[in-house]
Ligand SMILES: NC(=O)c1ccc[n+]([C@@H]2O[C@H](COP(=O)([O-])OP(=O)(O)OC[C@H]3O[C@@H](n4cnc5c(N)ncnc54)[C@H](O)[C@@H]3O)[C@@H](O)[C@H]2O)c1
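Numbering (our numbering), first residue to last: 1077 to 1443.
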């Protein structure tokens, strides 16, 4: 069986979803598209042969053929779109973050529960070959017992490539809310939930110049932290460090490393589905690349949505179900609260890791 999806938002990332979903996953079918800028929806419809174009998102929510709303709007728009879809009785899968604040995320989950609807969200890169192989190695004891973790994202911001980069610097933006979901989701998938965090945040540049067309030369006012350093205490007791910034040109830090009593694991870019996975053990005395043991090493955005659809169909837990993006949202926001209050923040949400992927399943079909 395949479930019908209405895509709201036909901006930059939508083409990737459209390409992957129309060629890979049998659990889902995009039956309609919608964008405030009609030409974007028309282009998507034309290029991917999508049956329907909705004039407004409300038309999509009113369509009885739609099983799932896919929310690909900007972070500060996620709440209104997801809320309206839920209130109209539709299950929602949203791009990251779940909301622009923890409060928004909590409210969306409350509405979904009240309505008896499923809600889930990106990222889904943790279901890919690189991160599933990494998780397998940790769970199988290849580095012994985990003792700590570190994650780094360094960059100088998306205004050099994104055509509408303003949202990256507004409510719900910044490197932690934009790239953090990949890194935090990866860490909790490897190591389990986080019980508390502390952080320091800042913003080096109060204004940024857009250097990509069509807004080249325009200035953006920065209204969110762009330099974040955080520490996490996992439920298991181990400590993780995270660093996310849009204020740095280059760096040689790793992406993610997990340290264990018997070795170190070098985890691939959490924003990608593939490898390489590196492992260092004392008996080797050098880094070795571990072969990927799971499918989906190529760009597979939509995998989490396909899994979500399968869970609606079968009643099993969705790997990207709300518990994960909500826990991630609370962690990300708590770094700033800690910075502003000078306090260690105990988290309210609890998290249980979703089950790993089943590598025996045929490509494009979920277990
Ligand atoms: N750009 C990327 O590389 C990328 C990668 C991964 C995830 N994401 C996530 O995907 C989401 C979208 O990012 P993007 O870069 O595609 O943004 P974008 O600004 O290019 O596209 C967003 C689109 O949503 C449309 N929209 C907003 N509200 C709407 C509404 N009510 N009804 C219909 N259309 C509406 C806008 O008109 C716009 O075309 C964000 O949450 C972002 O974090 C982006």
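C-beta atoms are modelled at their ideal positions from N, C-alpha and C, and glycine is treated no differently.
Practice task
Have a look at residue 1239 and residue 1303 and give me their C-alpha separation to the nearest angstrom.
Solution key: 23 Å
Practice task
Check whether the Cβ atoms of residue 1411 and residue 1329 sit closer than 8 Å, and answer yes or no.
Solution key: no
Exercise for the section: Pull up the CB-CB distance for residue 1171 and residue 1089, whole angstroms please, since I reckon it's below 8 Å. Expected result: 7 Å
Exercise for the section: Tell me whether residue 1085 counts as near ligand 1, meaning its Cβ is closer than 7 Å to at least one heavy atom of that ligand. Expected result: yes
Practice task
Classify residue 1113 as buried or exposed, calling it buried when 16 or more other Cβ atoms lie within 10 Å of its own Cβ.
Solution key: exposed
Handout entry: Cβ-based neighbour list, residue 1271, same chain, cut-off 8 Å, excluding 5 preceding and 5 following
Key = 1309, 1310, 1311, 1422 and 1423
Practice task
Specify the secondary structure class of residue 1414 as computed by DSSP and reduced to three states.
Solution key: For residue 1414, the three-state secondary structure derived from DSSP is helix.
Exercise for the section: For residue 1151, I'd like the list of residues in its chain whose CB is within less than 7 Å of its CB, leaving aside the five on either flank, ordered along the chain. Expected result: These residues qualify, in order along the chain: 1173, 1176, 1243, 1248, 1249 and 1253.
Exercise for the section: Using alpha carbons as the reference points, say which of 1084, 1186 and 1267 lies closest to residue 1207. Expected result: 1267
Problem - heavy atom of ligand 1 below 7 Å from residue 1151 C-beta - result: yes
Practice task
Just the C-alpha distance for residue 1428 and residue 1395, rounded to the nearest angstrom, thanks.
Solution key: 10 Å
Exercise for the section: Express the C-alpha separation of residue 1390 and residue 1334 in angstroms, rounding to a whole number. Expected result: 34 Å
Exercise for the section: Could you name each continuous beta strand (DSSP E) segment of 3 residues or more that falls completely within the stretch 1321-1351, going from the start of the chain to the end? Expected result: 1332-1336 and 1339-1343
Practice task
Please report how far the alpha carbon of residue 1121 lies from the alpha carbon of residue 1094, in whole angstroms.
Solution key: 10 Å
Problem - Contained alpha helix (DSSP H) runs [length at least 4] in the stretch 1167-1223, N- to C-terminal order - result: Listed in chain order, the complete alpha helix (DSSP H) runs (minimum 4 residues) inside the stretch 1167-1223 are 1178-1191 and 1205-1215.
Problem - Sub-8 Å separation of residue 1357 and residue 1345 beta-carbons - result: no
Practice task
Just the C-alpha distance for residue 1313 and residue 1294, rounded to the nearest angstrom, thanks.
Solution key: 46 Å
Handout entry: Assigned exposure category for residue 1315 - 16 Cβ within 10 Å defines buried
Key = exposed
Practice task
Please report how far the alpha carbon of residue 1145 lies from the alpha carbon of residue 1168, in whole angstroms.
Solution key: 5 Å
Practice task
Consult DSSP for residue 1364 and reduce its assignment to one of helix, strand or coil.
Solution key: strand
Handout entry: Buried or exposed by the 16-neighbour rule on C-beta atoms within 10 Å, applied to residue 1202
Key = buried
Practice task
State buried or exposed for residue 1426, treating a residue as buried only when at least 16 other CB atoms are found within 10 Å of its CB.
Solution key: Counting C-beta atoms within 10 angstroms of its own C-beta, residue 1426 has fewer than 16 neighbours from the protein chains shown and is therefore classed as exposed.
Practice task
Counting only the same chain and skipping the five closest in sequence on each side, list residues whose C-beta sits under 7 Å from that of residue 1185.
Solution key: 1195, 1398 and 1402
Problem - Endpoints, the beta strand (DSSP E) within which residue 1305 is located - result: 1303-1310
Exercise for the section: Return the CA-CA distance between residue 1371 and residue 1262, expressed in angstroms with no decimal places. Expected result: 17 Å
Exercise for the section: Compute the minimum distance between the beta carbon of residue 1172 and the heavy atoms of ligand 1, and state whether it is under 7 Å. Expected result: yes
Handout entry: Buried versus exposed call for residue 1408 [16 or more other C-beta atoms within 10 Å across all chains shown]
Key = Residue 1408 should be labelled buried.
Practice task
Give the DSSP-derived three-state secondary structure of residue 1274 in the structure shown.
Solution key: strand
Problem - Distance CB(residue 1417)-CB(residue 1219) smaller than 8 Å - result: no
Problem - Own chain residues within Cβ distance below 7 Å of residue 1103, not counting five before or after - result: 1078, 1079, 1382, 1385, 1386 and 1442
Problem - Bridge-paired residues (DSSP) for residue 1315 - result: 1224 and 1309
Practice task
Check whether the Cβ of residue 1404 sits closer than 7 Å to any heavy atom of ligand 1, and report yes or no.
Solution key: False, no ligand heavy atom lies under 7 Å from that Cβ.
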